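Undergrad: Just so we're aligned: 564 in the numbering used here is position 584 of the sequence shown, and the numbers increase by one with no gaps anywhere.
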Amino acid sequence: MSKRGTQRTRGNLKPTSSTKATATFLTHGISPLAFFSGELSISNGVDENNIDNDIDSDLRVILRKLTKKDSTTKIRAFNELRDYCDANESDDKIRVILPFFVSHYRKWSTDSDQRVRDECQSTFDTIGMRMKKNLSPHLKTILPIWLMAQCDSYAPAASKAKFLYTKLFNGQNKQAEAVYFARNEIMSTLTDEINQCSDVLKDRKENEMETDDAHERRLTQVLLALALFLNYLEANKRSDLTNHFKIIFDSGKFWKLDKIKSIQIQSSFYRCLYELINLIPDVIQEYKAKVIPLAFYSINETEPKLCPLIWDCLILCLDTFDDCWSLVNYQKAFLPKLYAFLRHACHGNVFGVKDCLLPLIEKIPKTVIDDNANYHFIENFFQSMEEGILSIKGRQQMNNVSSLLKAYMDCLLYILESHSTDQLGFLNERLLPLIRRLLTDKDCSIRSAFARQYVHFLSSIQSFRLYSDHLNNVLSLFHKLINPSSSINESNDLKYIFEQSAILFETILSPPKLKNLRFAATTTTTSSSTDLSSIDSTTFQTEDDDELDNNNQKEIYLIQFATDLCQYCFQFCIKYSDHSSFQHGLDLFTRLLNSSTSNNIEIIKKLTDAYDNTNTIPEIFYLNYAKPLMKIAIEQHCSLDHIVELTIQILNTFDSSEGVVERVLADLMQLESSRRFYFLLASIVCRYESSPSFHTWLQEHGVLEELLNMTASVTKSSENNDLNFPVSTEEFQLLSSLLCSSKPTQFLTSIQQEQIVYLACRLLEQQTPTLNESDIHNDLIQSIDHVAKHLFQNIDKTYDNQSTKNLFQLYLHNDINNLIRKNVTLSLHQRSIWLIALKQSNIIQNNIYNQLINIILSYISTQSDNDLFIDMIISICQDEILLSKKFYDILFQRIYLNDNFIYESWIYGIYHGWLLPDQTIDIKIENKKFSEYERLIDVQFICLLIIRQYELNSYIWLNNNDLIKNLILNYYLFQYRCINT
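1) So, using beta-carbon positions, are P339 and T300 closer together than 7 Å?
2) Hey, how far is the Cα of G368 from the Cα of K241?
3) Expressed to the nearest angstrom, what Euclidean distance is found between the alpha-carbon atoms of I122 and K112?
4) Can you find the residues in the same chain that come closer than 6 Å, C-beta to C-beta, to M389, ignoring five residues on each side of it along the sequence?
5) Below 8 Å on the Cβ atoms is my contact criterion, and I expect Q616 with F550 to pass it. Report the Cβ-Cβ distance as a whole number of Å.
6) Can you list, in chain order, the residues of its chain whose CB lies under 7 Å from that of S231, leaving out five sequence neighbours each side?
7) Taking 7 Å as the cut-off, decide whether the C-beta atoms of H450 and L407 are in contact.
8) Please state whether DSSP places G232 in a helix, a strand or coil.
9) Between the C-alpha atoms of T570 and E625, what's the straight-line distance to the nearest angstrom?
10) Do you know how far the Cα of D172 is from the Cα of L494?
11) Nearest by alpha-carbon distance to S855: which of R928, N689 and Y779 is it?
12) Smallest Cα separation from E638: which of R655, P672, L806 and F657?
13) In whole angstroms, what separates the C-alpha of L213 from that of F867?
14) In the DSSP assignment, find the unbroken alpha helix (DSSP H) run with Y64 in it and report its ends.
15) Assign G108 to one of two classes, buried (16 or more other C-beta atoms within 10 Å of its C-beta) or exposed (fewer than that).
16) Quick one: any contact between the segment 643 to 657 and the segment 714 to 723, if contact means 3 or more CB pairs under 8 Å?
17) Give a yes or no on whether 7 Å exceeds the smallest Cβ distance from L221 to chain B.
18) Under the assumption that L393 contacts A429 (Cβ atoms under 8 Å), give the Cβ distance between them as a whole number of angstroms.
19) Among M852, C297, K48 and Q244, which has the Cα closest to the Cα of K982?
20) With distances taken from CA atoms, which of S864, D350 and N794 is nearest Q746?
21) On the three-state DSSP scale, how would you describe D303?
22) Using 10 angstroms around the beta-carbon of R75, count the other beta-carbons present and answer buried if the total reaches 16, otherwise exposed.
23) Quick one: using the 10 Å Cβ neighbour count with 16 as the cut-off for buried, is I426 buried or exposed?
24) Given a cut-off of 7 Å on the beta-carbon distance, is the pair V263 and T222 in contact?
25) Figure out for me which residue from A129, K270, N153 and L916 has the closest Cα to the Cα of Q201.
26) So what's L728 in DSSP terms, helix, strand or just coil?
27) What does the alpha-carbon distance come out to for the pair P598 and S400?
28) On a Cα-Cα basis, can you pick out the residue from F727, K343 and S92 that is closest to L298?
29) Between the segment 778 to 785 and the segment 832 to 845, do three or more beta carbon pairs fall short of 8 Å?
30) Would you call the CB atoms of C287 and N329 closer than 7 Å?
31) Does the beta-carbon of L61 have 16 or more other beta-carbons within 10 angstroms, so that it is buried, or is it exposed?
32) Do C131 and L206 have their CB atoms nearer than 7 Å?
33) Taking just the CA atoms, how far does D302 sit from K217?
34) Would you report the Cα separation of K317 and Y277, rounded to the nearest angstrom?
35) Give the DSSP-derived three-state secondary structure of H450 in the structure shown.
36) Please report the distance separating the alpha-carbon of G194 from that of A325.
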């Protein structure tokens, strides 16, 4: 025990108070807690966290929170810091934050938590917009990380960093000057990051690359930042960075980055590589021995995110370096991978690669293409493409089929013109097997896309001789397919052959006529007007004379082609008259001579040229073609509708005299004396009643009187919309023909005309539940379709009648319902009919658009995610600009947010940093109720509609920015109200 008053410390030292100690430390600029940290702060007035001790205590607390490891603490601190900045109008109080913020910006921008990175950029945006020029002293320090932040994998954070950069450095020149000012620091930082991250990502145990999330993200940012940096720089200043880039490339680590097992890193590497080749080709020239194998030996990539990037690099290498192929091993490394890639249909990456195939084979050395002894390039290349095209299955992949088929035809045309010595042999070798597969294989993937691409290819062939010889071979192939050496056993196969042949040949006979308008070169003139008389007559010539002659030759040839085709069909029908396939041959024969076929009159003349000229053309056609076919059809109990209608149509087309009409029709009556045939004949003749010859026949044979009596017995005298029901098929055929005649008023009163249309509606409703695609050729259905076509072709005059509106609505509903049931053939048939009303409407166009849109909108609640339904809408709107605009306006109104809802949307968007308002918004919420389900369905439907347009490359709205903005705002609103989307 010590005595009272004596010193109790060892060494008789005098203790001091903590207050005095703190004062002493602060006098020398030392933090009171610095001694416990193990080291003293170097700078006066700054603690170990680089926080200035002169700033006020509230701010110091916020900054200390930002140094914590906990993400939640840092996020709250960022919010508090932004509030502090907003509350202090003096820039001096914000300026003291800069040293601390700059020193920690790198750590926050690369934080593993994306929320921290997002909040960091939001805070940087607030501070940066306040400080502006005060950032200049810190620009070299912060800009390298700032570029990386603009390439953040988290889009909101990247967009905020980009937003601030473009705001502070307005215009490309200022942005270029900024990065050039800090070029050395940027390159040094990015180089260090590449080296550090690549070292960390090595797994020495397996001698392979594995990834760590944080380093993977950082390395991705670095590579993209390197490309961004080059894009910001002016072209004439990129050469100043040559030494910096050589340091990166010479280390060897950069070229190994594509081996890291990370899709994110590999995709960013190839994006960076593409920009390097594109922007600094002189530097990359020295390293092409490393660059070219990276692209050329990776072309069999299956990953969708990588494949298009690799192919883009490959094509850019071919365009940039002249001696690429000297660094490529064709036989072992490149060609086998190319063939494998094509055999697998580009591994589903057709959309990203389709435009690269033609540039690739254009650059392949001639020695490789022509050397059939060692490489067999042409055979292997096209065979691989054919296997790939035919391997694609499923309706959803039809766009890939069409795109790859187009690329195939483009490559075929190039080889044909540039490398083929036997052009006809080459063409037949490649295309005839495909056409055979198209006509015989029911599961063939190209059946819906081949005809269009094939005709486009044919139109590109310059040599008429080659064009005609090839089509002659196609015709011979068709003749062999329908006349096999063995007996016919499978009528279904022949049915399919005739159906596919009809599609193919109709497309060939009616090719799209594409003309390029050529304008004269313009010269500067002082005259205020142009003297049109001084312009040469060839100024606006659409085609060269040689090209015009070539097209004329092709058109003449197609007439002969169609004539031979008709002869083959006729011969088939005569030869196989006792077989069920007779009907399929007869259908193709009538379709080829239908009035919708181009040059059908010339084809008919060609068919009749070989026979006795003492008779008229209609009589020759009837006696030598129609009559023999009708006899067989009657014996086989086949439909006579098309061949009888074709015969009457030809009589009308060539303005036959009364005597000719009488002789032909009298002979027709002797062929078949049944009541059904009489009704059929009378109904068809009534359609051409305006012709004097047909009108005379109808009167002399008492057909008109009989029709009027029958009409009176079927229709009621009362003025209502009903008929005596049921009505036989034959009776309705006649009623429909009277209605569709050129002067229906001489047969029917206005009330009776209305009654017939209502009857058509009732009959169609009655048939709808059991209707299938085979019923399209049913007599009753064809008569109903005939009524609908007649009304819709005259829609401006008939739309005022409620019956016409009902019939239009019925066809549209049946179209959509069949589409829902995936009965596509029947759906397309009905659509082809109601679309007539859309195309023919002028006066009542707005009304019919409203009816169509209202019906479509009624299906959204149940079909918003149905691709077939959405595809139908896109196909309709593509051809109707006014309808598309009206539909856009209505959809926009359905999802438009008024002020009450938009405030909630802004709250959520701003809170998460997705929206960056230029000024504070006065938010007043009146949380009114709205139909959440209906709005959600509408938003989902419109999203899929827009996405589907991009997938199909079919854009019905050139500018849909406002619609997309409202979709985003609706999404924020749903999130704010916690609605599950």
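A virtual CB, placed ideally from N, CA and C, is assigned to each residue, including glycine.
On a predicted model such as this, the values are computed, not experimentally measured, just so you know.
TA: Considering the structure as presented:
1) no
2) 28 Å
3) 13 Å
4) Q433 and F437
5) Contact doesn't hold; Cβ gap of about 15 Å is too wide.
6) N175
7) yes
8) coil
9) 9 Å
10) Summary for L494: the model assigns pLDDT 44, below 50, so the residue's position carries little reliability, and this model does not support an answer.
11) R928
12) P672
13) 45 Å
14) S51 to A67
15) buried
16) no
17) Absent from the structure: chain B. Only one protein chain is present.
18) Wrong, their Cβ atoms sit about 17 Å apart, outside the cutoff.
19) Not covered by the structure: residue 982. The range shown for the chain is -19 to 961.
20) N794
21) coil
22) exposed
23) buried
24) yes
25) A129
26) coil
27) 47 Å
28) K343
29) no
30) yes
31) buried
32) no
33) 25 Å
34) 7 Å
35) helix
36) A quick correction: the sequence has Ala, not Gly, at residue 194. Taking the straight line from one Cα to the other gives about 36 Å.
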